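Numbering (my numbering), first residue to last: 1 to 195.
Quick reminder that beta carbons are idealized off the backbone N, C-alpha and C, glycines included.
Note that the structure is predicted; figures quoted are calculated from it, not measured.
Working notes, beginning with the structure itself.
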């Protein structure tokens, strides 16, 4: 009888808006499609094209609140009148199968996960400089000046929390950052995809 798989590792990835978390995670998933990116739950209604269980788990507010009361989330928060959170069950199921799990969340969520899942590896993505971060945020062309200033103020708070993390990754050169992310996630340590 084959031995059960060794448990996977949960990696929490945090960083300010505009630092390139999504790009790095997308590149990592392209190279290692057997990694699992956690899917969040929300009480907001699905947007056109969104699929339950793929983009989000869409829950009613009473269902979400009931899960909060029974410890069903690794982290959760209210935002813009809706609740968002990381369901504990799917994360634990994938880890038990030996599959590494990625969780891309904000600073407050990372702090909650530190309490609810202390074994998680916590990684902060930071820009090569604050000026470069501002350039990236402005370069998106999606925010007005007030929103940009809010993002920059929030980024300062997030970057000041650097000492709370297990590791820090500077996202300057994309290919170098992806290679370092692979190393930090443990993908250079002989990890192989599940059969």
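Neighbour-count burial assignment, residue i, 16 or more Cβ in a 10 Å radius
i, result
"residue 183", "exposed"
"residue 20", "buried"
"residue 75", "buried"
"residue 129", "exposed"
"residue 86", "buried"
"residue 118", "exposed"
"residue 68", "exposed"
"residue 51", "exposed"
Cβ-Cβ separation, residue j to residue i (assumed contact under 8 Å), whole Å
i, j, result
"residue 61", "residue 73", "At roughly 14 Å, the Cβ-Cβ gap does not stay under 8 Å, so residue 61 and residue 73 are not in contact."
"residue 28", "residue 181", "6 Å"
"residue 121", "residue 14", "Their Cβ separation, rounded to whole angstroms, is 11 Å, which puts residue 121 and residue 14 out of contact at 8 Å."
"residue 95", "residue 33", "Residue 95 to residue 33, Cβ: 17 Å. No contact."
"residue 16", "residue 160", "In fact, because the Cβ distance is near 11 Å, the residues do not count as touching under 8 Å."
"residue 179", "residue 24", "At roughly 11 Å, the Cβ-Cβ gap does not stay under 8 Å, so residue 179 and residue 24 are not in contact."
"residue 40", "residue 56", "6 Å"
"residue 111", "residue 18", "Incorrect: roughly 21 Å between the Cβ atoms, too far for contact."
"residue 58", "residue 123", "Actually they are not in contact, since the Cβ atoms of residue 58 and residue 123 sit about 28 Å apart, beyond 8 Å."
"residue 155", "residue 108", "With a Cβ gap of about 14 Å, residue 155 and residue 108 do not count as contacting."
"residue 64", "residue 83", "5 Å"
"residue 186", "residue 9", "6 Å"
"residue 125", "residue 171", "5 Å"
Residue i in three-state terms, based on DSSP
i, result
"residue 50", "coil"
"residue 165", "coil"
Legend entry - beta strand (DSSP E) runs wholly inside the stretch 11-45, at least 3 long, in chain order: none
Runs of alpha helix (DSSP H) lying entirely within the stretch 109-159, each at least 4 residues, in chain order = 130-140
With a cut-off of 8 Å, do at least 3 Cβ pairs link the stretch 42-54 to the stretch 121-136? no
contact_flag[the stretch 138-152, the stretch 99-112] where n(CB pairs < 8 Å) is 3 or more: Here the stretch 138-152 does not lie against the stretch 99-112, with fewer than 3 beta-carbon pairs under 8 Å apart.
| query | If you scan the stretch 46-108 from start to end, which runs of the alpha helix (DSSP H) of 4 or more residues do you find wholly inside it? | reply | Runs of the alpha helix (DSSP H) inside the stretch 46-108: 61-69, 88-96.
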